[in-house]
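Numbering (full-length UniProt numbering), first residue to last: 1 to 640.
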């Protein structure tokens, strides 16, 4: 048993255990939060069928108006059929809030949830043509890399969790001759072979921007391996729609926000100006944008496969651009890149089995949080529950400072112990219900690393295959290195290796010690696994899929020492947090318009539409699929 390293021997109030009762219907849920990739077997799901069935009658889920086609943002996409017809009757607006519209999609054969409606529909089109969930996830991921290039693309990497359909679970043989119903793929970027621990000593900012910040991209290798093992549609047919799309489309609101946010350095780079300021003025919503060279690159990859990226003319251009901008990437680095395929990390919460990624993925911390919360009576949403959730977050982020890639450090045993039920009980003994504590109480060993932008895709198909896929270039627009020849935007994952005090150093092809959390716009990637935990708790509290995604959230990552609160979070819970000594605050993103003052409680809370963690959820219940894409990033799911 773990010796409670990292926990202080201070008294606390132990919570009561919670009995789950009788297990009933089995529900498969695929949920992704940018690195916290989950497949959950969900029993005793408590959502009211009467509420869900009301969707088929076009009834608003809460007071509001029924969604119409005008409430969607619809761009024009040449050579594609993604012109967004009016939503079907079962798609309804969730809340009439001063926020982005949110939708719950009801489907019977397949559903895809991404952060862009076009990409969700592209994935569904693959399903309609006979493809499976892996095919749809691959197609949608290429699409997101085109439209939301600030979050992901083939210049980055990611994680993937695949739940095989029941018919294949007994016949598929994986690594080492093992059989498993769930598999994980780790295709994170790795450090170039020439990396060393002192390379950023003289100029730490080189770990963030420029060629030296670029890790070996792994996305294409990951998608290729998933397709080789489980794909059913030709690779070409999965890539070409995104290649056509990259030739030209209209700027959507989320892209305009990122362009405006990063206007200064975009205007100072000829590589970026050629795309984002073709007429000398920054592109705005509705303007046409053309990634012509990226389109050509995708066409080449569609015809020749991922090998065209890791060897040949594209590889030549990639290496040359990275080295021109100060990097150390070599042809050998690209050629030697390998992904990891393994059985998942498995946990449970009140009878629900959870499959997720191993370290350096974020699943370890998510399971730790569920292990802690399982010790409490979490049957109802209460102010005390909010306090316990926040305290659990703080201990999880302290644990995060003791995690890294288990294949490159001698700490596999320690990482395993961090997700044990016994370790969770030690944490519970140190949580006090009436107060919070100073940061040192949680005994973090290092500063908390700050993660950045990511995209996520969740898919379930008609045969029961479920996929959760995360792709990232790390920071918004990655390393800010854009190759004008290939159109590829490169990651800045070396920032994760090189942050002083973070438990990762350079060795042989290490993967960065982070959870690949999506923080869109630099608000802190660790928000994703805290968002996923709260989303699943919302489901447990009886909310339907979209309400669970859209409900207000709290976030505390120990450093900086404050609790970030959505403006719609229950006020009684916020007041309880204040009384317990939490530093309740909002986060500024673009300016004061993203934070408002609550004069009654004397605290600041964050605009629900600010750039923050987003969650994509697809779930199946009684043969019906429900999909929800987080409105915080204007996401819209699709299904059929």
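All C-beta atoms in this analysis are idealised placements derived from N, C-alpha and C, irrespective of residue type, glycine included.
When secondary structure is reduced to three states using DSSP, residue 459 falls in the strand class. When 133, 398, 130 are compared, the shortest CA-CA separation from residue 560 is found for 398.
In this chain, residue 619 is not harboured by any alpha helix (DSSP H); it is covered by the beta strand (DSSP E) spanning 616–621. From the listed residues 548, 138, 462, the smallest Cα separation to residue 224 is found for 138. Under the DSSP assignment, residue 640 falls outside any beta strand (DSSP E); it carries neither an H nor an E label. Comparing alpha carbon positions, the residue from 248, 391, 116, 471 closest to residue 186 is 471. Around the Cβ of residue 438, a 10 Å sphere holds fewer than 16 other Cβ atoms; the residue is exposed. Taking a contact as a CB-CB distance under 8 Å, the pair residue 251 and residue 285 counts as one, their CB atoms being some 5 Å apart. If you draw a 10 Å sphere on the C-beta of residue 234, you find fewer than 16 other C-beta atoms in it, and that means exposed.
For the pair of segments examined, the stretch 466–484 was found to touch the stretch 319–339: the number of CB pairs separated by less than 8 Å reaches three.
Rounded to whole angstroms, the gap between the alpha carbons of residue 141 and residue 567 is 31 Å.
In the displayed model, residue 361 falls within coil according to three-state DSSP, outside both helix and strand. Non-local C-beta neighbours of residue 636 in its own chain, meaning closer than 7 Å and more than five positions away in sequence, comprise 72, 103, 117, 120, 629, ordered along the chain. The criterion of a C-beta distance shorter than 7 Å is satisfied by residue 211 and residue 326. Taken in chain order, the unbroken stretches of beta strand (DSSP E) that lie wholly in the stretch 534–572 and span 3 residues or more are 563–565.
Taking C-beta atoms under 8 Å as the contact rule, residue 131 and residue 232 qualify, at a distance of about 6 Å. Residue ranges of uninterrupted alpha helix (DSSP H) with 4 or more members, entirely inside the stretch 292–340 and ordered along the chain, are 292–304, 307–310, 313–324, 331–336.
Per DSSP, residue 423 is one residue of the alpha helix (DSSP H) stretching across 421–429. By the criterion of at least three beta-carbon pairs nearer than 8 Å, the stretch 424–433 is in contact with the stretch 363–372.
Looking at the DSSP output, residue 467 bridges to 162, 459. Considering only 638, 622, 536, the residue with the shortest C-alpha distance to residue 352 is 536. 7 Å or more divides the Cβ of residue 245 from the Cβ of residue 259. For residue 551, the closest of 217, 466, 542 by C-alpha to C-alpha distance is 542. Distance from residue 360 to residue 576 at the Cβ level is roughly 34 Å; contact not present, criterion being Cβ atoms closer than 8 Å. Within its own chain, the residues whose Cβ lies closer than 8 Å to the Cβ of residue 242, once the five positions on either side in sequence are excluded, are 122, 139, 142, 143, 145, 146, 298, listed in chain order. The C-alpha of residue 621 is placed about 51 Å away from the C-alpha of residue 268.
The straight-line gap separating the alpha-carbon atoms of residue 128 and residue 343 is approximately 29 Å. The criterion of a C-beta distance shorter than 7 Å is satisfied by residue 188 and residue 157.
Taking the Cα of residue 134 as reference, the smallest distance to any Cα among 555, 563, 463, 207 is reached at 463.
In the three-state DSSP reduction, residue 108 falls in the coil class, being neither helix nor strand. Residue 215 places its beta carbon 7 Å or farther from that of residue 443. Within 10 angstroms of the beta-carbon of residue 166 lie fewer than 16 other beta-carbons, which makes it exposed.
Non-local beta-carbon contacts of residue 530 in its own chain, meaning distances under 6 Å to residues more than five positions away in sequence, involve 393, 555 in chain order. Counting the other CB atoms within 10 Å of its CB gives residue 440 a total below 16, which places it among the exposed residues.
Within a 10 Å sphere around the beta-carbon of residue 527 sit 16 or more other beta-carbons, which makes this residue buried. A direct Cα-to-Cα measurement between residue 639 and residue 627 gives close to 8 Å.
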